[in-house]
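All remarks here apply to the structure that follows.
Protein chains in written order, with this note's numbering: chain G, 27 to 743; chain P, 27 to 743.
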């Protein structure tokens with residue numbers, strides 16, 4: 027077993043530390059019950075509370091602030107901060123400007139939205155205001171008011187931070203930046219945005235000739251270049267949208283930088299954080315896209331830790347692979363930070379949803395098994411919106427750990443069990459590691475598609491067939507990667523890591539036995555080179571459903587093809603192939619890569635017996651190229667995944683008598699944890715046998731797990 | 027309690043009879059195991075088997091048929107038919123031409139698809155063939171070959187029908203007609219279709235003046251009228267698409283009529299059936315649309331019974347309302363036929379899905395509670411596709427009752443329990459009825475949208491805002507009707523019926539205490555008159571979120587408004603209203619109806635205190651008009667539904683100590699069944715008290731239900 031990237035963890039006073047937080051919205055709870063809520067949080071063995079500080083709530087009118095409860099006892103933020111101190115509970119604060127949180131106007135003051143001119147609002151391509159609560163982040167007017175708010179709230183945060191003996195240990199900057207483009211399916215074409223986009227293009231290309239050569243255009247000067255609108259019909263449209271995506275990453279980074287500089291200017295030194303949405307309809311396949319929108323921020327701000335909004339809505343075997351994938355992907359894009367959940371589902375926002383305590387408890391333990399090092403139960407406390415301040419209804423969140431009056435609900439006991447477990451295991455749990463032989467490559471530029479193809483976009487702007495291509499990036503993300511390979515490996519009980527090709531070198535990749543690369547027709551030259559180097563240096567790369575021959579602007583770029591001396595043609599055939607002697611493997615596209623037999627071993631064939639998959643030794647390594655697309659819908663797909671893993675003798679870490687039980691092994695020098703998770707609606711009994719190279723585990727009696735439950739076994743090594 | 031429409035049932039030899047069938051695909055099972063499969067089916071207490079008869083399987087080459095197993099033992103249909111006879115199992119046959127069933131080319135012979143000219147294939151608006159297995163149903167060439175197939179297979183079916191002492195009791199005509207437009211998101215613009223469309227328009231309008239006055243156009247003659255393409259931008263586009271939807275209903279009816287005449291010409295007298303898809307992603311909110319595509323067939327063929335494809339994929343409290351709604355909607359559109367499930371989920375098609383036996387068993391009992399009178403377990407038997415004949419993989423269906431080799435799986439015992447229950451209860455169960463005080467109006471024309479807005483359509487063609495309207499029919503269907511009202515009533519434990527406004531008069535509606543009408547801006551004059559008559563004659567109508575003032579072609583039509591003397595204006599306001607003294611009710615649109623106080627009682631107000639809901643006595647009845655849209659996302663919505671029900675003193679049939687348990691009461695003169703269903707992932711204990719006007723039930727001890735389970739209590743009256 028190759029040991030993977032060392033998992034990072036939080037520390038406190040230099041010691042490994044698990045951040046256990048619960049979300050308590052003081053503004054949604056009667057002030058005389060704050061203490062009860064915080065006490066119950068502490069009694070549950072959490073060490074931290076978390077809350078938004080809604081701008082609207084405290085700046086009642088322009089320049090009229092209340093942080094001391096003069097106008098309303100629930101505005102007494104100072105009292106809440108002191109209470110945390112008194113009870114020795116750490117605190118995470120989230121003062122916006124945006125908070126969302128189903129607060130009216132997403133936390134922006136109503137008076138502000140009336141006051142702001144049109145220039146401050148996000149605008150559609152026709153210049154219409156998109157929504158009366160969506161502003162342009164970098165508009166002068168919005169920033170000006172935000173700074174006025176910050177000028178009042180940041181001094182309070184500063185004086186109550188840990189170094190000044192206050193409770194505050196972490197602060198979130200704004201909330202889910204850019205999410206509105208995803209959720210509303212709109213793009214902000216505000217003139218300010220367009221002007222910044224023009225600057226970005228000028229800086230990036232410098233001369234019109236360099237842009238023309240990339241875009242295949244005949245512009246006379248850079249001022250002619252306008253942001254793209256509508257559907258992608260040509261290669262040039264595609265280039266423009268790709269740069270528009272890059273621009274927004276740059277733009278969000280600029281916004282965060284401005285806010286952060288302001289925050290730091292107040293001597294606030296606590297850990298900063300930001301949150302990433304991803305789950306939708308119980309599946310997290312959009313996460314690779316959403317996490318990609320923060321690529322510039324992650325690159326430029328190593329003092330900001332990104333946390334997941336980990337809200338599956340329901341737990342089931344059907345979405346268990348999404349939970350694992352989320353934790354692995356976050357680890358990949360932030361290899362130097364602990365994996366943490368800024369919002370860790372506790373209860374439900376929608377009244378019609380049922381979030382059963384036992385299901386959530388199982389979900390929590392699964393996340394511990396995956397390597398999570400901190401989380402914030404969202405919501406620990408139910409709240410009741412102040413009159414007129416809620417976006418949906420009066421009550422905020424149902425089936426939480428405690429209700430708005432401070433009564434314990436079912437979930438409280440589950441949370442207590444999880445917290446106890448973490449506290450009891452102390453450093454053992456935190457410093458334990460998972461091992462993986464399999465690495466899945468994450469190539470983020472494939473998922474820079476929030477403006478062109480996503481689940482919530484009103485109009486799909488990208489149809490790859492219009493460009494003469496056939497591997498749709500959304501299809502690759504959802505069906506081939508997420509619900510294909512990742513679901514397949516999880517179902518088969520093989521652990522994997524994810525590597526962000528943007529932040530790793532081939533040496534790191536060589537610590538795995540296999541690297542799985544899911545590719546479209548395009549990939550930049552550097553990354554193609556990285557993959558070629560990896561193979562030549564001894565790696566085994568599995569790449570499908572195509573070999574990239576274009577760069578990200580759809581210009582010719584055949585590094586992999588040339589470096590690995592691969593030749594192929596494209597040909598249509600039936601949906602069935604045989605691969606590694608498995609017959610009738612269903613493939614998604616009729617288009618397939620066809621190879622000649624020269625210098626390689628054929629491993630897959632179309633029904634017409636054309637070679638559509640090869641294995642080839644190159645340098646010290648080898649490559650397996652499958653020229654067809656497949657996800658996971660039939661048993662043949664699972665057989666194929668496993669057959670490919672066997673090419674490098676990759677084994678499961680345990681033999682288990684019922685493979686429907688998912689397991690995860692975590693080890694340190696001294697101990698080993700085995701997490702067994704029953705994601706099924708059925709009682710399961712099973713035996714297991716440890717088959718790692720390390721010391722054998724004791725023989726185990728039969729284990730029985732109730733529906734949707736878990737068991738952790740700890741062994742000394 | 028008003029007794030609802032008498033539920034219909036199947037009969038055999040004049041006696042009430044429950045049709046219990048299991049799907050067994052002889053062509054996917056080794057011939058020497060057929061007997062084992064059928065025996066196990068019979069042992070499970072089923073009375074019927076069901077199978078497709080794939081055209082491709084038996085017409086091996088053009089005009090070369092094998093029904094006797096000469097080329098392959100699994101082609102010996104005759105043997106299979108005799109075996110059913112021998113074992114005294116009735117049989118449902120489905121000889122296509124289309125079968126789908128994940129059979130290659132959906133059951134059409136490969137040689138046929140090569141032979142057919144372009145004219146026989148479904149074509150896009152640009153004349154391209156949409157897919158190589160999608161034909162134009164009424165193309166001469168396709169019908170010609172279909173008749174050649176029918177000429178061989180129908181004589182066999184005829185000679186093996188019940189009246190000729192064979193096993194065949196039912197025959198399905200084709201399969202899920204029209205589903206390809208829904209699934210593929212394409213429209214068939216084959217020249218033949220267009221020519222039939224032109225005929226349809228000519229027959230419907232007769233003169234160009236009459237069309238011009240409806241469409242608001244200036245065409246010179248009817249030949250100018252072309253089928254609509256692309257997006258709806260104008261009222262005229264909308265009219266054209268509405269007629270295009272009507273045309274396809276007519277077209278499907280024509281196709282079925284042709285096939286049926288052929289079938290009857292062979293002296294086949296058995297019950298005919300056809301199946302309706304509806305579930306997608308675990309929710310059935312598209313069913314009202316899909317069932318609407320068969321409106322002409324249902325109207326014209328009372329000898330064809332429509333059955334549901336009842337495949338929820340997973341069972342949960344989240345989609346329990348969909349199951350109930352499906353059964354109630356089918357009953358509404360076919361009031362003179364028993365509710366039956368042509369495909370009743372047993373196992374799963376996708377390998378990654380888990381269909382737990384206990385969940386399915388609960389789903390089966392819930393359907394019995396709703397009034398289902400027959401079903402076909404799909405799939406009772408797992409199958410293995412003949413080489414090259416499967417669309418996806420080798421294996422067809424997983425977690426079935428028995429595997430391909432005839433071994434019992436978990437589901438077998440569940441099915442046996444269900445079948446035993448039905449057989450034991452005999453006529454008592456079949457003749458029992460549910461009662462409802464609440465009727466939900468189904469107005470099918472709202473859902474004639476499969477060409478313009480549906481979940482799978484590639485491009486949404488209808489944006490109502492382009493027409494100056496704001497109540498989107500898809501939003502009405504999904505969020506207001508299905509996941510709003512229907513989910514709300516199910517959660518609250520109030521039973522309801524659905525009435526198809528197309529097939530009922532106001533007297534039938536008067537048997538309920540309340541009629542709930544969810545309306546868009548448009549509704550035809552006759553239906554508006556029906557609703558007005560209902561109110562004047564003593565009915566209570568709840569209508570929202572708007573009063574129709576247009577007909578189905580968006581021409582002025584204010585029957586309800588005039589007959590009920592209602593006056594209102596439209597005004598934008600915040601998303602919150604107070605209604606029936608419930609504050610902060612979330613509404614979906616900012617647009618609301620505003621009423622004056624004259625002659626009515628205000629019941630709802632915007633935040634600006636405009637009246638947005640009224641109650642008004644009219645004639646012998648009354649109307650409650652809510653000028654705002656709401657579904658079910660917060661607790662206030664449930665409170666509002668219940669408050670409105672209380673206006674007519676509508677009560678639940680039981681008081682139950684845990685309202686999370688769903689219950690259904692079925693009664694006949696002699697007996698009463700109470701079905702308790704635990705749709706939750708938790709063990710539940712509860713008491714109940716019967717509060718119907720009828721004889722009181724005994725006092726009950728506490729009942730405990732395991733996660734996802736049920737209990738049926740039977741009482742003598």
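No residue lacks a Cβ here, since even glycine has one placed at the ideal position from N, Cα and C.
task = Output the distance between the C-alpha atoms of residue 176 of chain G and residue 285 of chain G, rounded to the nearest integer angstrom.
result = Numbered from 1 along the first chain, position 150 holds the residue referred to as residue 176 of chain G. Numbered from 1 along the first chain, position 259 holds the residue referred to as residue 285 of chain G. Roughly 9 Å between the two C-alpha positions.
ask   = Do you know how far the Cα of residue 516 of chain G is from the Cα of residue 664 of chain G?
value = Here the question's residue 664 of chain G lines up with position 638 in the first chain. Here the question's residue 516 of chain G lines up with position 490 in the first chain. One C-alpha to the other measures close to 10 Å.
query = Helix, strand or coil for residue 197 of chain G per DSSP?
reply = Along the first chain, read from residue 1 onward, the residue named residue 197 of chain G stands at position 171. The answer is strand: DSSP assigns residue 197 of chain G an E or B state.
key: Limits of the unbroken alpha helix (DSSP H) element including residue 347 of chain P   = Mapped onto the second chain, residue 347 of chain P falls at position 321. For residue 347 of chain P, the uninterrupted alpha helix (DSSP H) segment begins and ends at 346-359.
query = To the nearest angstrom, how far is it from the Cα of residue 126 of chain G to the Cα of residue 120 of chain G?
reply = Counted from its first residue, the first chain places residue 126 of chain G at position 100. Counted from its first residue, the first chain places residue 120 of chain G at position 94. Taking the straight line joining both Cα atoms gives about 11 Å.
Neighbour list for residue 211 of chain P in chain G, Cβ cutoff strictly below 9 Å = The residue given as residue 211 of chain P occupies position 185 in the second chain. Simply none; closest approach about 11 Å.
task = Spell out whether any CB of chain P is found under 8 Å from the CB atom of residue 664 of chain G.
result = Here the question's residue 664 of chain G lines up with position 638 in the first chain. Yes, its Cβ sits closer than 8 Å to a Cβ of chain P.
ask   = Is the CB of residue 444 of chain P under 8 Å away from at least one CB in chain G?
value = For the purposes of this step, residue 444 of chain P is identified with residue 418 of the second chain, where counting begins at 1. For residue 444 of chain P, the answer is no, since every Cβ of chain G falls outside 8 Å of its Cβ.
key: Span separating the alpha-carbon of residue 31 of chain P from that of residue 508 of chain G   = Locating residue 31 of chain P in the second chain gives position 5, where the first residue counts as 1. Locating residue 508 of chain G in the first chain gives position 482, where the first residue counts as 1. Low local confidence applies: a pLDDT of 48 at residue 31 of chain P is under 50, so the model's placement there is unreliable, with the coordinate-based value given in what follows. Each residue's CA atom was taken as its position, placing residue 31 of chain P and residue 508 of chain G some 48 Å apart.
request  = Take residue 309 of chain G and list the residues in its own chain whose beta-carbon comes closer than 6 Å to its own, dropping the five residues that flank it on each side.
outcome  = Counting from one through the first chain, the residue named residue 309 of chain G turns up at place 283. For residue 309 of chain G, same chain residues with a beta-carbon under 6 Å away, outside a window of 5 residues either side, are 345 and 348 in chain order.
ask   = Going along chain G in order, which residues have a C-beta closer than 7 Å to the C-beta of residue 419 of chain P?
value = Taking the first residue of the second chain as position 1, residue 419 of chain P is located at position 393. Listed along chain G are 610, 612, 660, 661 and 662, each with a C-beta nearer than 7 Å to that of residue 419 of chain P.
ask   = Less than 8 Å separating the beta-carbons of residue 604 of chain G and residue 621 of chain G?
value = Here residue 604 of chain G corresponds to residue number 578 of the first chain, with the count starting at 1. Here residue 621 of chain G corresponds to residue number 595 of the first chain, with the count starting at 1. For residue 604 of chain G and residue 621 of chain G, no; Cβs fall outside 8 Å.
request  = Find the residues of chain P that neighbour residue 340 of chain G, judging by a C-beta separation of less than 8 Å, and give them in chain order.
outcome  = On the first chain, position 314 is the one that residue 340 of chain G refers to. Correct list: 342 and 344.
inquiry  = Only counting the same chain, and skipping five residues up and downstream in sequence, which positions put a Cβ closer than 6 Å to that of residue 41 of chain P?
reply    = As a first step, residue 41 of chain P must be located in the second chain, where it is residue number 15. Around residue 41 of chain P, the same chain offers no residue with a beta carbon nearer than 6 Å, after the five sequence neighbours per side are excluded.
ask   = Rounded C-beta distance between residue 585 of chain P and residue 647 of chain P? I'm assuming under 8 Å.
value = The residue labelled residue 585 of chain P in the question sits at position 559 within the second chain. The residue labelled residue 647 of chain P in the question sits at position 621 within the second chain. Rounded, the Cβ-Cβ distance is 16 Å, inconsistent with contact.
Residues, ordered as in the chain, of the region 681-710 of chain G that lie near chain P by beta-carbon distance below 9 Å = Near chain P, meaning a CB-to-CB distance below 9 Å, the residues of the region 681-710 of chain G are 686, 705, 706, 707 and 708.
key: Inter-residue Cα distance where the pair is residue 27 of chain G and residue 413 of chain G   = As a first step, residue 27 of chain G is located in the first chain; it is residue number 1 there, counting from the start. As a first step, residue 413 of chain G is located in the first chain; it is residue number 387 there, counting from the start. For residue 27 of chain G, the predicted structure reports a pLDDT of 31, less than 50, and the residue's modelled location is therefore unreliable. The matter cannot be settled from this model.
task = With residue 517 of chain G as the anchor, note down where its alpha helix (DSSP H) starts and where it stops.
result = Working through the first chain from its first residue, we reach residue 517 of chain G at position 491. 513-518 is the span of the alpha helix (DSSP H), which, as asked, contains residue 517 of chain G.
message = Rounding to the nearest angstrom, what Cα-Cα distance links residue 736 of chain P and residue 179 of chain G in this structure?
response = By 1-based counting over the second chain, the position of residue 736 of chain P is 710. By 1-based counting over the first chain, the position of residue 179 of chain G is 153. Spanning the alpha carbons of residue 736 of chain P and residue 179 of chain G requires a straight line of approximately 55 Å.
query = Residues in its own chain within less than 6 Å of residue 78 of chain P by CB, not counting five upstream and five downstream?
reply = Indexing the second chain from 1 puts residue 78 of chain P at position 52. Only 120, 125 and 127 meet the Cβ criterion.
message = For residue 453 of chain P, count the other beta carbons within 10 Å of its own beta carbon; 16 or more makes it buried, fewer makes it exposed. Which is it?
response = As a working mapping, residue 453 of chain P is identified with position 427 in the second chain. Residue 453 of chain P comes out exposed.
ask   = CA-CA distance, residue 29 of chain G and residue 396 of chain G?
value = Stepping through the first chain from its first residue, residue 29 of chain G is reached at position 3. Stepping through the first chain from its first residue, residue 396 of chain G is reached at position 370. Confidence is the limiting factor: at residue 29 of chain G the pLDDT is only 36, short of 50, which leaves the residue's position unreliable and the question unanswerable from this model.
key: Spatial distance of residue 208 of chain G from residue 256 of chain G (CA atoms)   = Position 182 of the first chain, counted from the start, is the residue given in the question as residue 208 of chain G. Position 230 of the first chain, counted from the start, is the residue given in the question as residue 256 of chain G. In this model, residue 208 of chain G and residue 256 of chain G are separated by some 16 Å (Cα to Cα).
Contiguous alpha helix (DSSP H) assignments of at least 4 residues, all confined to the region 211-264 of chain G = Segments of the alpha helix (DSSP H) lying fully in the region 211-264 of chain G: 217-231 and 234-241.
Best match in P/484, P/188 and P/138 for proximity to residue 39 of chain P [C-alpha to C-alpha] = To locate residue 39 of chain P, count along the second chain from 1; it is residue 13. Of P/484, P/188 and P/138, the residue nearest in Cα terms is P/188.
message = Using C-beta distances below 8 Å, list every residue in its chain close to residue 58 of chain G, excluding the 5 sequence neighbours before and after it, in chain order.
response = In the first chain, the residue the question calls residue 58 of chain G occupies position 32. Contacts found: 99.
query = Counting along the chain, where does the beta strand (DSSP E) carrying residue 676 of chain G start and finish?
reply = Position 650 of the first chain holds residue 676 of chain G. Counting along the chain, residue 676 of chain G falls outside any beta strand (DSSP E), and DSSP gives it neither H nor E.
ask   = Which ranges would you report for the alpha helix (DSSP H) in the region 62-97 of chain G if only whole runs of at least 4 residues count?
value = Runs of the alpha helix (DSSP H) inside the region 62-97 of chain G: 81-84.
inquiry  = Pull the bridge partners of residue 630 of chain G from the DSSP assignment, please.
reply    = Reading the first chain from its first residue, position 604 is the one you call residue 630 of chain G. In DSSP, residue 630 of chain G forms a bridge with G/605 and G/639.
request  = Would you check if the distance between the CB atom of residue 1 of chain P and the CB atom of residue 420 of chain G is smaller than 8 Å?
outcome  = The structure shown has nothing for residue 1 of chain P, since chain P only spans 27 to 743.
inquiry  = Please state the DSSP three-state secondary structure of residue 30 of chain P.
reply    = Residue 30 of chain P sits at position 4 when you count from the first residue of the second chain. Because residue 30 of chain P sits at a pLDDT of 42, beneath the cut-off of 50, its placement in the model cannot be relied upon, and the following sentence gives the value as read from the coordinates. Here residue 30 of chain P sits in coil by DSSP.
query = Under 8 Å between C-beta atoms, does residue 382 of chain G make it to chain P?
reply = On the first chain, position 356 is the one that residue 382 of chain G refers to. The C-beta of residue 382 of chain G comes closer than 8 Å to at least one C-beta of chain P.
request  = Give the straight-line distance between the Cα atoms of residue 742 of chain P and residue 53 of chain G, rounded to the nearest whole angstrom.
outcome  = Along the second chain, read from residue 1 onward, the residue named residue 742 of chain P stands at position 716. Along the first chain, read from residue 1 onward, the residue named residue 53 of chain G stands at position 27. Distance between residue 742 of chain P and residue 53 of chain G, taken at the CA atoms: about 56 Å.
Cα-Cα separation between residue 271 of chain P and residue 327 of chain G, rounded to whole angstroms = In the second chain, the residue the question calls residue 271 of chain P occupies position 245. In the first chain, the residue the question calls residue 327 of chain G occupies position 301. Going by the C-alpha atoms only, they are around 56 Å apart.
query = Relative to the C-alpha of residue 194 of chain P, which residue among P/734, P/75, P/330 and P/55 is closest?
reply = On the second chain, residue 194 of chain P is found 168 positions in, with the first residue counted as 1. Answer by Cα proximity: P/75.
key: Where the alpha helix (DSSP H) containing residue 692 of chain P begins and where it ends   = Within the second chain, the letter at position 666 stands for residue 692 of chain P. Membership of residue 692 of chain P in any alpha helix (DSSP H) is not indicated; the residue belongs instead to the beta strand (DSSP E) covering 688-693.
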